[in-house]
Amino acid sequence: MSYISGSKAAALAVAAMLLSACSVTVTEQMIVSPSSEIDQQNLALLTEQAGYQESFTATENGEQLHTLTLAREPNQPTILILHGNALNMTLQPWFGLLQSLAELNYSIVAIDYQGFGLSSGDASFSAMRDDASSIINALPAESDVIVYGLSLGSVMAMDISQEPRVQGVILEGAVTTDSEMIEVFRQRNTLGRLASVNVDEAINFDNTSAVNMLNKPLLVIHGENDSNIPVSMGEQLYAASNHADSQLYIVEDGTHADTFHVAPERFQRELSNFIARLSSYD
């Protein structure tokens, strides 16, 4: 099974521009591919079977973020899910991830960014970053949080990683820097290799440096056959971490953000072991 990822959608958008011009500017709206299509059956499976509760979280600019919360024992940490730049929580792969995580004994909070799914507002890279701040600020102050960023959601995860309540960070299919991400998109297109690419100032991130400055455990997960975000980016991020308990999990036969499907048992075991080590610090 394969899923259309946000990274692939963004790559296709950039490639189309590269085919039609010698010089292009990639804007922050071009790298997001939200969907307002709601799979009601999947949503019902999450709420009626897996136990997620629906709510809406207010943003600083007055929009409402569709939020799914799975509450477990108060002594367990909360996993905050920040998905990638496409689709919404009721569609694959994000739906499958939420199903898989519900089988573990952790509280979970997940959002759709502005303009995604049932969330109000307009989708953009900047809005995604703002929404990550909104949701972590909305969590109870006493919550111990593990931030889980997938694909471009890794940028949002690192944005809030220094928050005091964040115990550790999980990055899956993560990107390194803005320039390296755009270069990957450019190199995929033969004609596009000749084009000059300018990047909107709003698309400005450096996950590699952010990881290097993070004094918290990091779990990097990356599919060895990821054709959207190369596995080398995951390896770079792991190498940048200075924490002794950081880990790298390269998923055999994995592609992009599909570990929960490719290796479900090991996926759950790796997450549980990582979180257990975080709990030992208390």
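When you line the sequence shown up against mature numbering (1 follows the signal peptide of the UniProt record, and there is no 0), it's residues -26 to -1, 1 to 256, in that order. Think of the CB as a built atom: it goes at the ideal place given N, C-alpha and C, for glycine as much as any other residue.
For Ile12, no alpha helix (DSSP H) encloses it, and the DSSP letter there is neither H nor E. Excluding the 5 residues flanking it on each side, Val119 has same chain C-beta neighbours closer than 6 angstroms at Thr52, Leu54, Arg139, Val140, in chain order. Looking at the DSSP output, His230 bridges to nothing.
Per the coordinates, the alpha-carbon of Asn111 lies some 36 angstroms from the alpha-carbon of Asn199. In this structure, DSSP gives Leu113 a state outside helix and strand, which the three-state scheme calls coil. With respect to the 8 angstroms criterion, Ala32 and Gln38 are classified as neighbours on the basis of their beta carbons. For Asp232, the closest C-alpha among the options Gln136, Gln66, Gly91, Val83 is that of Gln66. Taking every protein chain shown into account, the CB of Thr229 has 16 or more other CB atoms within 10 angstroms, so this residue is buried.
Apart from sequence neighbours up to five positions away, the residues of its chain that approach Leu71 with a beta-carbon distance below 6 angstroms are Phe234, ordered along the chain.
The stretch 86 to 104 makes contact with the stretch 5 to 15: 3 or more CB pairs, one atom from each, lie closer than 8 angstroms.
Annotation for Ser108: Thr31, Ala32, Thr33, Glu34, Leu39 place their beta carbon closer than 8 angstroms to its own, counting only its chain and skipping 5 residues before and after. In the three-state scheme derived from DSSP, where H, G and I count as helix and E and B as strand, Val6 is classed as coil.
Annotation for Ile12: Asn62, Thr64, Gly91, Leu92 place their beta carbon closer than 8 angstroms to its own, counting only its chain and skipping 5 residues before and after. For the 8 angstroms CB-CB criterion, Ser128 and Ala101 do not form a contact. For Thr41, the enclosing beta strand (DSSP E) starts and ends at 38 to 44. Between the C-alpha atoms of Arg162 and Leu192 there is a straight-line separation of about 29 angstroms. According to DSSP, Gly197 shares a beta bridge with Val225.
Rounded to the nearest angstrom, the gap between the Cα atoms of Met132 and Gln14 is 31 angstroms.
Here Gly89 has Pro8, Gly95, Asp96, Ala97 as same chain residues with Cβ atoms under 6 angstroms from its own Cβ, once five neighbours each way along the sequence are excluded.
A distance below 7 angstroms between beta-carbons, with the five flanking residues on each side excluded, links Gly25 to the following residues of its chain, in chain order: Leu44, Ala76. Here DSSP, grouped into helix, strand and coil, assigns Ala60 to strand.
By the neighbour-count definition (other C-beta atoms within 10 Å, threshold 16), Thr182 is a buried residue.
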